[in-house]
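**Student:**
In our numbering, the protein residues as written are -18 to 269.
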């Protein structure tokens, strides 16, 4: 995938102007694990968490798999440049008197055990390129946008005597297949029954563009943030009030499992959240 000049300029200028602040209405229905909606028999008890403050913009469609997902993007200026790392290739573009575009097959990065820096070493018939991604705050010098990663690209074309250096900021993008409403089906190997829950069924709703999630854990509403890198997913900054109910034991298991997640798979409208040793939870996709 090659990055065009227009896309590159648009990305750099607009990256600092985006302020995702979509809102969702409080749920008026309880939803079973199969996705059936039922009206509440009485008003639900008010919770301490205001769900309207959590970004929500559910996708109407669900893609089972992306052919070549872009999972990291970066950009800089002086000169303008852009980087895309996908599951299949790594693409770099910069502008001088002309548009220069380079592509190489994907390679796993090198990462020292005692650092948060990933390094990609690439070589083709056209060029040699070193990409360093450092986990530290980065401010775009043109837009003022703040990113979580500093990026340095060193490039030497076959026609160059020395390496050219490019500095900028980058971010990981969360898999769009995670977007939407997911009803909990299993915790470990234990399948949950609808009859256990009077008000609502445990679920999470993931907002990939906002890097947030919210939902219901069995007794209380929850919300938090998502952290994603290559082959890594974590649910962070988890917040929930502590009202007691008959399903408190299930909620404790749900919250404990959610905080142990490090990876996932999505297939046939089924989401499995995992850690290196086992599948922690399984969810079914529900189309709202």
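Beta carbons are placed, not taken as given, at the ideal position from N, Cα and C, and that holds for glycine.
Every value quoted in this text rests on a predicted model; they were computed, and no experiment measured them.
Residue 257 to residue 243, Cα distance in whole Å?
**Tutor:** Distance between the alpha carbons of residue 257 and residue 243: 7 Å.
**Student:** Anyone know if the C-beta pair for residue 221 and residue 192 falls short of 8 Å?
**Tutor:** Not closer than 8 Å, so no.
**Student:** Where residue 98 and residue 112 are concerned, what is the direct C-alpha to C-alpha distance, given to the nearest angstrom?
**Tutor:** Cα-Cα distance, rounded: 10 Å.
**Student:** Could you give the uninterrupted runs of the alpha helix (DSSP H) lying entirely in the region 160 to 248, keeping only those of 4 residues or more?
**Tutor:** Whole alpha helix (DSSP H) segments, 4+ residues: 229 to 239.
**Student:** Hey, residue 252 and residue 245 are a contact pair by Cβ (cut 8 Å); roughly how many whole angstroms apart?
**Tutor:** Confirmed, about 6 Å.
**Student:** Compare the C-alpha of residue 96 against each of 110, 114, 106 and name the closest.
**Tutor:** Of 110, 114, 106, the residue nearest in Cα terms is 114.
**Student:** Specify the secondary structure class of residue 265 as computed by DSSP and reduced to three states.
**Tutor:** In this structure, residue 265 counts as strand in the three-state DSSP scheme.
**Student:** Measure the C-alpha to C-alpha separation of residue 264 and residue 163 and round it to an integer number of angstroms.
**Tutor:** Those two C-alpha atoms are separated by around 6 Å.
**Student:** Could you check whether residue 156 and residue 50 sit closer than 8 Å to each other, using their CB atoms as the reference points?
**Tutor:** Cβ atoms of residue 50 and residue 156: closer than 8 Å.
**Student:** What residue from 161, 212, 211, 225 has the CA that sits closest to residue 194's CA?
**Tutor:** Comparing Cα positions, the closest option is 161.
**Student:** Do you know how far the Cα of residue 181 is from the Cα of residue 22?
**Tutor:** Below a pLDDT of 50, predicted positions are generally treated as unreliable, and residue 22, at 41, falls in that range; the measurement from the model is reported next regardless. Those two C-alpha atoms are separated by around 12 Å.
**Student:** How many Å lie between residue 250 and residue 267 at the Cα?
**Tutor:** In a straight line, the C-alpha of residue 250 is about 8 Å away from that of residue 267.
**Student:** Secondary structure at residue 121, three-state DSSP: helix, strand or coil?
**Tutor:** DSSP places residue 121 in coil when its eight states are reduced to three.
**Student:** Please list, in chain order, all residues of the same chain as residue 70 whose beta carbon is under 6 Å from its beta carbon, the five residues on each side excluded.
**Tutor:** The answer, listed in chain order, is 84, 86, 87.
**Student:** So what does DSSP say about residue 81, is it helix, strand or coil?
**Tutor:** Looking at residue 81 - three-state DSSP - the assignment turns out to be strand.
**Student:** Let me confirm a value: residue 211 is counted as buried when at least 16 other C-beta atoms fall within 10 Å, else exposed. Which label applies?
**Tutor:** It counts as exposed.
**Student:** Bridge partners of residue 53, per DSSP?
**Tutor:** According to DSSP, residue 53 bridges with 66, 153.
**Student:** Keeping to the same chain, check which residues put their C-beta closer than 8 Å to that of residue 152; ignore five residues upstream and five downstream.
**Tutor:** Result list for residue 152: 53, 54, 55, 128, 129, 130, in chain order.
**Student:** Roughly how far, in whole angstroms, is the beta-carbon of residue 167 from the beta-carbon of residue 262, given that I think they are within contact range, below 8 Å?
**Tutor:** Contact holds; Cβ gap of about 6 Å.
**Student:** Classify residue 74: buried if its beta carbon has 16 or more other beta carbons within 10 angstroms, exposed otherwise.
**Tutor:** Buried: at least 16 other Cβ atoms inside 10 Å.
**Student:** On the premise that residue 159 lies in contact with residue 189, defined as a C-beta separation below 8 Å, what is that separation, rounded to the nearest angstrom?
**Tutor:** So it is a contact: roughly 6 Å between Cβ atoms.
**Student:** Report the three-state DSSP secondary structure of residue 58 (helix, strand or coil).
**Tutor:** Note: residue 58 maps to coil in three-state DSSP.
**Student:** Please go through the same chain and pick out, in chain order, the residues whose beta-carbon is closer than 6 Å to the beta-carbon of residue 91, but skip the five residues on each side of it.
**Tutor:** Contacts found: 100.
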